[in-house]
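The sequence shown: position 50 = 84 (my numbering), numbered continuously. A short write-up of the structure that comes next.
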Amino acid sequence: MRIAILDDYQGVALGLADWDSLGADVRAFSDAFGNEGDVVAALADHEVVVAMRERTPFPASTLEKLPRLRLLVTTGPVNAAIDLDAARRLGITVCGTGYFSYPTAELTWGLILSAARLIPQQVASVRRGGWQEGLGTSLRGATLGLLGLGRLGTAVAEVGRAFGMRCIGWSQHLTPADAQAKGVTYVARDELFERSDVLSVHVVLSKRTRGLVGARELGLMKPTAILVNTSRGPVVEEAALIRALTEGSIASAALDVFDREPLPRDHPLRSLPNAVVTPHIGYVSRDLYEVFYRDAVEDIAAWQAGAPVRTLTA
35 MRIAILDDYQ GVALGLADWD SLGADVRAFS DAFGNEGDVV AALADHEVVV AMRERTPFPA
95 STLEKLPRLR LLVTTGPVNA AIDLDAARRL GITVCGTGYF SYPTAELTWG LILSAARLIP
155 QQVASVRRGG WQEGLGTSLR GATLGLLGLG RLGTAVAEVG RAFGMRCIGW SQHLTPADAQ
215 AKGVTYVARD ELFERSDVLS VHVVLSKRTR GLVGARELGL MKPTAILVNT SRGPVVEEAA
275 LIRALTEGSI ASAALDVFDR EPLPRDHPLR SLPNAVVTPH IGYVSRDLYE VFYRDAVEDI
335 AAWQAGAPVR TLTA
């Protein structure tokens with residue numbers, strides 16, 4: 035049996051689980067595939083594929099070109115980049131793994147503090163031989179806006195309150211009672227953008243949330259505001275955000291997710307001085323990777339034994 039482990043950017047997958055126990059030919063791919071043709075060419079001879087979250091999409095057109103594929107494991111419990119209906123039709127079993135969200139909540143605060151206190155600029159200045167550069171802002175007494183108040187948004191709000199911030203929130207399904215129970219004041223959609231000194235995005239990408247933050251919403255924000263996105267890139271209209279940052283209609287953005295990943299080398303977000311950019315590392319932590327790969331090995335072993343676990347269905 036041939037097993038492919040995809041998008042192992044750090045080259046750590048083979049050392050974080052007992053792949054030898056499977057008695058298979060296991061290969062880890064460290065580079066992202068450029069297009070569907072590259073995916074098909076690389077994986078044509080593999081019966082099992084382990085995908086890292088949504089880094090490599092598996093629409094019906096790709097699955098149909100992989101006739102030997104019998105098991106597709108995704109790290110995490112869901113994967114919007116896999117066509118589960120097509121997988122079922124083609125006889126491909128899809129399994130998930132365990133997951134916990136606190137690494138993303140922690141990174142969110144790393145990004146907020148980096149943008150508010152100009153940490154990347156200060157580090158760069160020291161490395162160049164300089165000293166203090168620019169003037170950051172503190173967070174106590176400022177307003178933290180949560181676009182989405184699920185598990186992640188709630189965790190971010192808890193830290194915001196510890197910093198002495200006023201927490202407000204809105205989402206399409208949030209109610210005033212739900213917000214109050216989580217220590218957050220419910221506000222109308224426009225008010226969220228108008229009042230937030232820091233606006234943090236925590237909604238799942240769907241047809242309803244794609245482009246939820248566009249030119250209109252960015253135009254409602256304060257010129258001193260910080261936008262933070264650790265959710266999914268397309269929730270924020272990227273072109274509108276770049277314009278807002280270039281024109282200074284908002285102070286800065288701190289981003290871990292993008293429309294296209296990896297971010298192209300010539301992408302303007304790489305060079306805008308008021309953009310703090312990290313390479314989608316919200317969930318990238320050793321303890322979570324150990325869960326991902328340990329469970330992936332368990333999934334494959336269970337499937338080999340004819341009793342798949344953690345199966346995903348549409």
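All C-beta atoms, glycine included, are put in the ideal place defined by N, C-alpha and C.
Check: From the DSSP output, read off the bridge partner residues of Y43.; Outcome: Looking at the DSSP assignment, Y43 forms no beta bridge with any residue, so it has no partner.
Check: Roughly how many angstroms lie between the CA atoms of N308 and A287, to the nearest whole one?; Outcome: 7 Å
Check: With a threshold of 7 Å (Cβ to nearest heavy atom), would R104 be considered close to the ligand ZN?; Outcome: With respect to the ligand ZN, the structure shown offers nothing to examine, as it has no ligands at all.
Check: Excluding sequence positions up to five away, which residues of its chain have a Cβ less than 6 Å from the Cβ of E324?; Outcome: L50
Check: Closest to V221 by C-alpha separation, out of V235, V247, T138, G179, would be which residue?; Outcome: G179
Check: By a C-beta neighbour count over all protein chains shown, 10 Å radius and 16 as the cutoff for buried, is H80 buried or exposed?; Outcome: buried
Check: Considering only DSSP beta bridges, list what Y220 is partnered with.; Outcome: G203
Check: Would you decide whether H236 is buried or exposed? Buried here means 16 or more other CB atoms lie within 10 Å of its CB.; Outcome: buried
Check: Quick check on S148: does DSSP put it in helix, strand or coil?; Outcome: helix
Check: Looking only at its chain, what residues have a beta carbon closer than 8 Å to the beta carbon of V74, apart from the 5 residues adjacent to it on each side?; Outcome: T96, K99, L100
Check: Can you say whether L186 is buried or exposed, counting buried as having 16 or more other CB atoms within 10 angstroms of its CB?; Outcome: buried
Check: Within 10 angstroms of the Cβ of L252, are there 16 or more other Cβ atoms? Answer buried if so, exposed if not.; Outcome: buried
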